[in-house]
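Working notes for the structure below.
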């Protein structure tokens, strides 16, 4: 099918496009599990969620390299096995890159 421009969702559906709803900014707390995240997405009618690793909620901190590693590991455990629905966005502190 050639690329067409549409003025509204109805046109996209008429042409056979299946719209995908993506929530591109979801903060993790570090206390959630994958089932709860997927349930929340389903309840909201969201197809794909982009999750940010926890770094705002205790015990995670942006200025602690070890805690950021744990935060990113938590994020990886949420996304693992759900790559069709969840996208993980790891958090790094560029100021701490010299510690690597």
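Residue numbers (my numbering): 2 to 101. Glycine is no exception: its CB is placed at the ideal position from the N, C-alpha and C atoms. As the structure is a computational prediction, the values presented were derived from the model and not from experiment.
So, helix, strand or coil for residue 6, using DSSP?
The residue given as residue 6 occupies position 5 in the chain shown. Interpretation of residue 6 is limited by its pLDDT of 49, a score under 50 that renders its predicted location unreliable; the figure taken from the coordinates is listed afterwards. Coil at residue 6, not helix or strand.
Subject >> Beta-carbon gap between residue 48 and residue 23 smaller than 8 Å >> reply: For the purposes of this step, residue 48 is identified with residue 47 of the chain shown, where counting begins at 1. For the purposes of this step, residue 23 is identified with residue 22 of the chain shown, where counting begins at 1. Yes; because the gap between Cβ atoms is below 8 Å, this pair is in contact.
- Task: Just mark residue 73 as buried or exposed, buried being the case when its beta carbon has 16 or more other beta carbons within 10 Å.
- Result: Position 72 of the chain shown holds residue 73. Counting Cβ neighbours within 10 Å, residue 73 comes out buried, since at least 16 surround it.
May I have the straight-line CA-CA distance separating residue 45 from residue 20, to the nearest angstrom? Reading the chain shown from its first residue, position 44 is the one you call residue 45. Reading the chain shown from its first residue, position 19 is the one you call residue 20. Roughly 15 Å separates the two Cα atoms.
Classify residue 75: buried if its beta carbon has 16 or more other beta carbons within 10 angstroms, exposed otherwise. On the chain shown, residue 75 is found 74 positions in, with the first residue counted as 1. Flag for residue 75 reads buried.
Beta-carbon proximity list for residue 56, same chain, < 6 Å, skipping 5 on both sides: As a first step, residue 56 is located in the chain shown; it is residue number 55 there, counting from the start. Answer for residue 56: 63, 72 and 92, listed in chain order.
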